[in-house]
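*Asks:* Counting from 1, position 36 in the sequence shown corresponds to residue 36 in the numbering used here; the numbering is continuous, with no gaps. Glycine included, each C-beta is placed from N, C-alpha and C at the ideal position. None of these values were measured; they are calculated from a predicted model. Structure in structure tokens, see below.
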Amino acid sequence: MKIYKLCLASALLPGCISPVVKRFTVFLLILSPLGAMGGQRSLEAPVPLSAEPELVFYDSIETNANGKSVLTGGVYEDAEQATRLRRLRKSLAPVPIDGYYHIRFVADALAMKRANDFSDLLLTNEAFASIRDRFRIEYVEGDADSMNCRNDVPQAPRIISCDMTYILSLGTAPAHMTAVFTSRGSGGAGGSFPVVSLDYPLPTMLHEMLHTWTLNDEYIYSPSEADFYCDYPQILKGPNTSSFVTLETYVSDAEARDRHQADIPWVFDIQSGVPVTVSSTADSGEMNVLKLGTPMELAGAEPGLYPGSNCSRKLPSFRPYGIDTIMKTLSTTWIPPIHQKAVLAAIAKAAGW
């Protein structure tokens, strides 16, 4: 088995080949599928500490009535996966605490270029500026037939899944995250193991990895999806979304902020001058009453309490930013400060920093 180590750094290291010099350091290991299957015991890390092993976030792209491509999806509970992953926690070697966060990208031959392209997207995103030199990324080529990525969940045909037993047998050392790029099947899935197919845009994998790092979807689930998925505590309340029962009206903005302090994870990130209520009309017809939610005309890079998120069709749901983030649409790769804080905390916890 040949292992090629490509070091991208401010200075070349002994034994490295580098056609390009960049300002961050990433170690890339490229393994052939036959060599990787050479009877080694898997050293894959336990599932990320922040991911619920039974929950699979799935995302699909559909065209709405206006002809615009939009994200749709939800959360699928995979009890069999949860059982398997909990067993892995006990049987597999832990990732050594060596100062790095280890990522393994497994891709079939047709999808390997996409994995390489995605690394550039990941490492140049400003959200990771403070830690990009602490990522170690390994590329492993898997056999497409053995990876067996497909859409075969009767309850939700849009869900893409792969043979994780085979995929987790690849690689040479423990990793904090294993993510999969595939030329088979269609869609994106996040949670313990992000999976994205070639027919989806490049930012999809970033969206799915952010699920692993605790973030929720910010697009609005359909009524049937919301009814089914919006009972999970972590879906109802996460770093970037919160769903809870509100009052019909509020006496003041201060009262609303105080009453819902425990409901809003980012409440202390909202500046005192940013309202969390808006003048509106009550269901009774009463004019100029205060309802919960920051006025949309204030939407920008400053956090607030903006209505309209994953579970909005089941109960009031809010997000920190009124403008689009990558958890709402794939037309942007913006990971705003509140999201960054949660993601970097999840990475640091897993890496032991």
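Taking just the CA atoms, how far does Leu71 sit from Ser222?
*Replies:* When rounded, the distance between both Cα atoms is 11 Å.
*Asks:* Measure the CB-CB distance between Val276 and Leu315 and report whether it falls below 8 Å.
*Replies:* No, the pair does not count as a contact, with Cβ atoms beyond the cut-off.
*Asks:* Per the contact definition of three or more C-beta pairs closer than 8 Å, is the stretch 121-139 in contact with the stretch 343-353?
*Replies:* The stretch 343-353 is in contact with the stretch 121-139.
*Asks:* Taking buried to mean at least 16 other C-beta atoms within 10 Å of its own C-beta, is Lys328 buried or exposed?
*Replies:* Classification for Lys328: buried.
*Asks:* The alpha helix (DSSP H) that contains Phe181, what's its start and end?
*Replies:* Not the alpha helix (DSSP H): Phe181 falls in the beta strand (DSSP E), residues 177-182.
*Asks:* Using the three-state DSSP reduction, which class does Glu126 fall into: helix, strand or coil?
*Replies:* Three-state result, Glu126: helix.
*Asks:* Under the three-state reduction of DSSP, which class applies to Gly298: helix, strand or coil?
*Replies:* With the sequence shown as reference, residue 298 is identified as Leu, and Gly is not the correct amino acid for it. Correct three-state label for Leu298: helix.
*Asks:* Could you please give the first and the last residue of the uninterrupted alpha helix (DSSP H) stretch that includes Val140?
*Replies:* Premise fails: Val140 lies in the beta strand (DSSP E), 135-141, not in any alpha helix (DSSP H).
*Asks:* Let's test the definition: count the other Cβ atoms within 10 Å of the Cβ of Leu236 and tell me whether it reaches 16, buried, or not, exposed.
*Replies:* Buried, because 16 or more other Cβ atoms sit within 10 Å of the Cβ of Leu236.
*Asks:* List the endpoints of the continuous beta strand (DSSP E) containing Thr277.
*Replies:* Note, Thr277: beta strand (DSSP E), 277-280.
*Asks:* Give me whichever residues DSSP pairs with Asp59 in a beta bridge.
*Replies:* Gly73, Gly188, per the DSSP bridge assignment.
*Asks:* In terms of residues, what are the limits of the alpha helix (DSSP H) holding Ser224?
*Replies:* Where Ser224 is concerned, the enclosing alpha helix (DSSP H) stretches over 223-229.
*Asks:* Put Arg259 into one of helix, strand or coil per three-state DSSP.
*Replies:* Looking at Arg259 - three-state DSSP - the assignment turns out to be helix.
*Asks:* Comparing C-alpha positions only, which one of Ala175, Asn148, Pro320, Pro157 sits nearest to Asp163?
*Replies:* It is Asn148 whose Cα lies nearest to the Cα of Asp163.
*Asks:* Return the CA-CA distance between Val26 and Ala115, expressed in angstroms with no decimal places.
*Replies:* Caution is warranted here: a pLDDT of 41 is assigned to Val26, below 50, making its placement in the model unreliable, and the coordinate value is therefore given only provisionally. Answer to the nearest angstrom: the Cα atoms are 14 Å apart.
*Asks:* How many angstroms separate the CA atom of Gly308 from the CA atom of Phe318?
*Replies:* For Gly308 and Phe318, the distance between alpha carbons rounds to 6 Å.
*Asks:* How long is the line joining the alpha carbons of Thr172 and Phe181, rounded to whole angstroms?
*Replies:* Each residue's alpha carbon lies about 18 Å from the other.
*Asks:* Which of helix, strand or coil does DSSP assign to Tyr321?
*Replies:* If DSSP states are grouped into helix, strand and coil, Tyr321 belongs with coil.
*Asks:* Check the C-beta distance from His176 over to Ala351 and give it rounded, since I have them as a contact under 8 Å.
*Replies:* Contact holds; Cβ gap of about 6 Å.
*Asks:* On the DSSP letters alone, give me the boundaries of the alpha helix (DSSP H) that Ile347 sits inside.
*Replies:* Per DSSP, Ile347 belongs to the alpha helix (DSSP H) from 337-351.
*Asks:* Please classify Ile264 as buried or exposed, where buried requires at least 16 other C-beta atoms within 10 Å of its C-beta.
*Replies:* Ile264 comes out buried.
*Asks:* Indicate the three-state DSSP secondary structure (helix, strand or coil) for Val196 in the structure shown.
*Replies:* In the structure shown, Val196 sits in a strand (DSSP, three-state: E or B).
*Asks:* Pick out whichever of Phe193, Thr204, Thr178 has its Cα sitting closest to the Cα of Gly187.
*Replies:* The shortest Cα separation from Gly187 among Phe193, Thr204, Thr178 belongs to Thr204.
*Asks:* Can you have a look at Met209 and say buried or exposed, based on whether 16 or more other CB atoms are within 10 angstroms of its CB?
*Replies:* With 16 or more Cβ atoms within 10 Å of its Cβ, Met209 is classed as buried.
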